[in-house]
Amino acid sequence: MNVIIAGAGSVGRYMAGQLQDSGHDVTLIDNDTKVVSQGRATRTPIGVTWHLGDACEVATLTAVGAAEADVVAAVTGDDEDNLVVSLLSKQEFAVPRVVARVNNPKNEWMFNDMWGVDVSVSTPHLLTGLVEEAVTVGSFVRLLSLEGGKARLAEVTLAAGSPAIAKELTDLGLPRESTVVAVLRDGHVVVPRGDTVLHQGDEVLVLVSGGVEDDVRRALVG
Amino acid sequence: MHVIVVGCGRVGSEVALSLASNEHDVIVIDRRAEAFRRLGEDFKGNTMVGVGFDRDVLTEAGITPDCAVAAVTSGDNSNILIARVARETFGVKHVVARIYDPRRASIYERLGIATVASVAWTSARVLRHLLAEEATPDWIDPSAKFTIIERRVPAAGAGMTVGDVEAGSSGRVVVLGRFGEASLPVPSVLLQEDDVLHVVIPADNGDQLDAVLHHKEESH
Amino acid sequence: MSILRRKHHDDQAATPLKQPNSIPICDTQPRQKVCVCGKVIRMTARPTSGQPALAISISDDTGTVTAVWTGRREIGGVTLGRRIAIEGVPVKHGDHLEFTNPDYTLLPR
Numbered sequence: 030m031n032v033i034i035a036g037a038g039s040v041g042r043y044m045a046g047q048l049q050d051s052g053h054d055v056t057l058i059d060n061d062t063k064v065v066s067q068g069r070a071t072r073t074p075i076g077v078t079w080h081l082g083d084a085c086e087v088a089t090l091t092a093v094g095a096a097e098a099d100v101v102a103a104v105t106g107d108d109e110d111n112l113v114v115s116l117l118s119k120q121e122f123a124v125p126r127v128v129a130r131v132n133n134p135k136n137e138w139m140f141n142d143m144w145g146v147d148v149s150v151s152t153p154h155l156l157t158g159l160v161e162e163a164v165t166v167g168s169f170v171r172l173l174s175l176e177g178g179k180a181r182l183a184e185v186t187l188a189a190g191s192p193a194i195a196k197e198l199t200d201l202g203l204p205r206e207s208t209v210v211a212v213l214r215d216g217h218v219v220v221p222r223g224d225t226v227l228h229q230g231d232e233v234l235v236l237v238s239g240g241v242e243d244d245v246r247r248a249l250v251g
Numbered sequence: 443m444h445v446i447v448v449g450c451g452r453v454g455s456e457v458a459l460s461l462a463s464n465e466h467d468v469i470v471i472d473r474r475a476e477a478f479r480r481l482g483e484d485f486k487g488n489t490m491v492g493v494g495f496d497r498d499v500l501t502e503a504g505i506t507p508d509c510a511v512a513a514v515t516s517g518d519n520s521n522i523l524i525a526r527v528a529r530e531t532f533g534v535k536h537v538v539a540r541i542y543d544p545r546r547a548s549i550y551e552r553l554g555i556a557t558v559a560s561v562a563w564t565s566a567r568v569l570r571h572l573l574a575e576e577a578t579p580d581w582i583d584p585s586a587k588f589t590i591i592e593r594r595v596p597a598a599g600a601g602m603t604v605g606d607v608e609a610g611s612s613g614r615v616v617v618l619g620r621f622g623e624a625s626l627p628v629p630s631v632l633l634q635e636d637d638v639l640h641v642v643i644p645a646d647n648g649d650q651l652d653a654v655l656h657h658k659e660e661s662h
Numbered sequence: 011m012s013i014l015r016r017k018h019h020d021d022q023a024a025t026p027l028k029q030p031n032s033i034p035i036c037d038t039q040p041r042q043k044v045c046v047c048g049k050v051i052r053m054t055a056r057p058t059s060g061q062p063a064l065a066i067s068i069s070d071d072t073g074t075v076t077a078v079w080t081g082r083r084e085i086g087g088v089t090l091g092r093r094i095a096i097e098g099v100p101v102k103h104g105d106h107l108e109f110t111n112p113d114y115t116l117l118p119r
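Protein chains in written order, with the numbering used here: chain A, 30 to 251; chain B, 443 to 662; chain C, 11 to 119.
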C-alpha cells in the first residue's frame, strides 16, 4: 500500500517504521526542516521517503502523490492541522482511507466525515485504555473509534467471573450490532467462529456499533 | 446584534472596538489573556479566554443562529475550524473567516464559508460580512453619480443571470467572484449562491439591486 | 440572428468562469479529477454525526453520480430537474461514485 503520514513526531515516525517494515511504501511529511533533514541523514525509519512541507496545503499533498495514496494518516500534535489534512485528503484527492489522530479528547467529536476522517485514534484515550488494561483484567476497554464514534473497537480480558467463560460465541447473546473480531489467547490470534469457546484470560476484541455497548459489556464482563 | 470575534490580534481588536462603539453586543475570544490589552481600557464589550472552536466556549460566549461570528485568529486552520463549527454545529448564518493563503480560500468557499483574503482584509469588510447591512460603497465617482458596491448573492438570487441583475438595477456587474476566483462575467452567466458581485450602479439604486437579488423567481 | 447567436456563444467561451470540458458520466473513473453535467434527479438531506449534509444525484443519458456537500442543508438554485455541472475527484462508494464538496456550476435548462 501507498501510505502518506503527515507529522513526523514520535507517533508518525513509529508508524512509518512499522508500515515500511510490513512492506508498504511510506512518505513522511513534516514542516520542520530540522526533523526532515535529520530523518534523511540518519535514514530512520529505514526506507521511508521524507518530504519537507506543510501537509495542510494542497500543493504539498499533490507533490507527495496523495492522488494515488491508499491511506493518509494525519498524526501531527495539532488537532486543527489533522482535521484540515483529513478534509483535503478526502475532498481534493478522494483518498479511500483517512486516519487521524486526536490529541485533545475534547476535539474528538469533530473527527468524523464532516472533516473527511474515516478512522480516528485518540492517543490519550488509547493510553488510558492501555493503562486500564494493564491494571484491570475484566473491564471493558475502548481502543479505537471508527466512523466518528459510530463504531468502536473495544477489548475485554476475560476475568474469572466472566459470564462468557466456557461458552460458545453464538451462545453469548451478543447484540447484532456487535462482532467479535479476534480472540487473543496465549500469544496467538484465534480467528473467532460461532463455535469458538472462550477461556479465562482470553483477550476478546469486539467491534461495537450504535448504542449496544452496555449489552456487550454485560455479556463479556458481567 | 450579538457578535463573537475569535482572535484578538490587530484585525480582531479593530473589529471588536468598532462594533462595540456602534452599540453592538461584542464578545472577544482569544487563547491568551494578554491579547486583550489591544482593546484598551475603554472597551465596552466582553472578553473570554478560550479556544474558539470549543463548543463549550462558544456556548458560553452566547452563540445562537442569529448572532454573527468572525474567525480572525492568526491561523488559517483555526479560522476554518471556528467558521465550520459556528455555521454547521450552531447554525450561525453570518460567519466570516480570515484566510491568509488565497489557494485555500477557494477550497473553503466551496463549503459555503465566506472568506476574505488577508491582503484585502479591512475591518470594514469584516463588518460588512458580519452585519450584512447596507454596505458602504467601494468607490464613488467624483460627481457622486455612480458607485461600486459589493454584494454576496443570497440563495434566492441563485439561478438568475448577470443580465437580470443588470436590468433590474440599471447597473453593470463588473467582477464576479466564485469559489475564491474572480472573473469578468457576460450577461448570460447564471448566478449561484455565495457568488460575490461588484456592481456599478447609479448611486441611489442600492435598494433596487438588493430587491433584484432577493427576488425569488428565476428568469426565462 | 445567426450572427447574433454566434456572438453570444463566443462571449460565453470568453468568460474566465469555469466551463471545463465535461465527460459522460459513464466515463467517470474514481480518483480522477473530472467535470460531469447532468440533471438533478434526487436530493437527500443526509445528516451525519448530528451535522447537516446535502446529497444530490445527477444523471445524464449514460449514468448517475452523487455529490455530497457537508455542513449544508441546501444550496440556492440546486433543485430537482436543475441542470448542473460538477467538478471534483469522485470516490467509489459501493457500486457508485461520489464527489465530496465539489465545485458546481448551475447550467441553463
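Think of the CB as a built atom: it goes at the ideal place given N, C-alpha and C, for glycine as much as any other residue. A quick note: this is a predicted structure, and the numbers were derived from the prediction, not measured.
Please work out which residues of its chain come closer than 6 Å, Cβ to Cβ, to residue i, disregarding the five sequence neighbours upstream and downstream, and give them in chain order.
| i | result |
| --- | --- |
| B/Tyr550 | Ile522, Thr557 |
| A/Phe122 | Ala95, Ala96 |
| A/Pro204 | Val241, Asp244 |
| A/Leu234 | Glu184, Val210, Ala211 |
| B/Ser666 | There is no way to answer for residue 666 of chain B, as the model of chain B reaches only from 443 to 662. |
If we ignore side chains and look at the alpha-carbon of each, how far apart do residue i and residue j end up?
| i | j | result |
| --- | --- | --- |
| A/Pro221 | A/Val210 | 7 Å |
| A/Ser238 | A/Lys179 | 6 Å |
| C/Arg82 | C/Gly73 | 25 Å |
| B/Thr589 | C/Pro112 | 35 Å |
| A/Val87 | A/Leu117 | 7 Å |
| C/Arg15 | B/Ser520 | Interpretation of C/Arg15 is limited by its pLDDT of 40, a score under 50 that renders its predicted location unreliable; no figure is taken from the coordinates. |
| A/Ala183 | B/Ile555 | 37 Å |
| A/Thr71 | A/Val150 | 29 Å |
| A/Asp59 | A/Arg42 | 10 Å |
| A/Asn141 | B/Asp649 | 43 Å |
| A/Ile194 | B/Val514 | 58 Å |
| B/Ala512 | B/Ala539 | 6 Å |
| B/Leu639 | B/Leu651 | 11 Å |
| A/Val127 | B/Ala653 | 45 Å |
| B/Arg473 | A/Leu90 | 30 Å |
Taking 8 Å as the CB-CB cut-off, is residue i touching chain A?
| i | result |
| --- | --- |
| C/Pro57 | no |
| B/Asp496 | yes |
| C/Gly81 | yes |
| B/Leu500 | no |
| C/Gly61 | Reading off the sequence, residue 61 of chain C comes out as Gln, not Gly. Yes, its Cβ sits closer than 8 Å to a Cβ of chain A. |
| C/Pro34 | no |
| B/Ile541 | no |
| B/Gly517 | yes |
| C/Val99 | yes |
Check whether the Cβ of residue i lies closer than 8 Å to any Cβ atom in chain B.
| i | result |
| --- | --- |
| A/Leu112 | yes |
| C/Val48 | For the record, residue 48 of chain C in the displayed sequence is Gly; it is not Val. C/Gly48 does not count as touching chain B. |
| A/Glu137 | no |
Count the other CB atoms, across all protein chains shown, that sit within 10 Å of the CB of residue i; report buried if there are 16 or more and exposed otherwise.
| i | result |
| --- | --- |
| A/Ser39 | exposed |
| B/Lys535 | exposed |
| C/Leu79 | Before going on, a small fix: residue 79 of chain C reads as Trp here, not Leu. Under this definition C/Trp79 is a buried residue. |
| A/Ala103 | buried |
| A/Val100 | buried |
| A/Met30 | exposed |
| C/Lys102 | exposed |
| C/Pro34 | exposed |
| B/Asp583 | exposed |
| A/Gly190 | exposed |
| A/Ala37 | buried |
I want to verify the contact list: residues of chain B whose CB lies under 9 Å from the CB of residue i, in sequence order.
| i | result |
| --- | --- |
| A/Val87 | Arg545, Arg546, Ile549 |
If you drop the 5 nearest sequence neighbours on each side, which residues of the same chain put their C-beta closer than 8 Å to that of residue i?
| i | result |
| --- | --- |
| A/Gly76 | Gln49, Val55 |
| C/Pro118 | Arg93 |
List, in chain order, every chain C residue whose beta-carbon is nearer than 7 Å to that of residue i.
| i | result |
| --- | --- |
| B/Phe621 | Asp113 |
| B/Arg552 | Asn111, Asp113 |
Should residue i be flagged as near chain C, meaning a C-beta pair shorter than 8 Å?
| i | result |
| --- | --- |
| B/Glu659 | Per-residue confidence for B/Glu659 stands at a pLDDT of 46, beneath the threshold of 50, marking its modelled position as unreliable; no derived number is given. |
| A/Lys63 | no |
| A/Ala96 | yes |
| A/Gln120 | yes |
| A/Pro204 | no |
Under 8 Å between beta-carbons, which chain B residues line up against residue i? List them in chain order, please.
| i | result |
| --- | --- |
| A/Met143 | Arg526, Glu530 |
| C/Glu84 | Ala597 |
Quick one: what's got a C-beta closer than 7 Å to residue i's C-beta in the same chain, skipping five residues either side?
| i | result |
| --- | --- |
| B/Arg552 | Phe621 |
| B/Gly504 | His444, Ile469 |
Mind pulling the chain B residues with CB within less than 7 Å of residue i?
| i | result |
| --- | --- |
| C/Leu116 | Ala600, Gly601, Leu632, Gln634 |
| C/Gly87 | Ala600, Gly601, Gln634, Glu635 |
Under 7 Å between beta-carbons, which chain A residues line up against residue i? List them in chain order, please.
| i | result |
| --- | --- |
| C/Thr93 | At residue 93 of chain C the sequence reads Arg, which differs from the Thr that was named. Under the 7 Å cutoff, chain A gives no residues; its nearest Cβ is about 24 Å from C/Arg93. |
Residues of chain A with a CB under 8 Å from the CB of residue i: which are they?
| i | result |
| --- | --- |
| B/Ile522 | Val113 |
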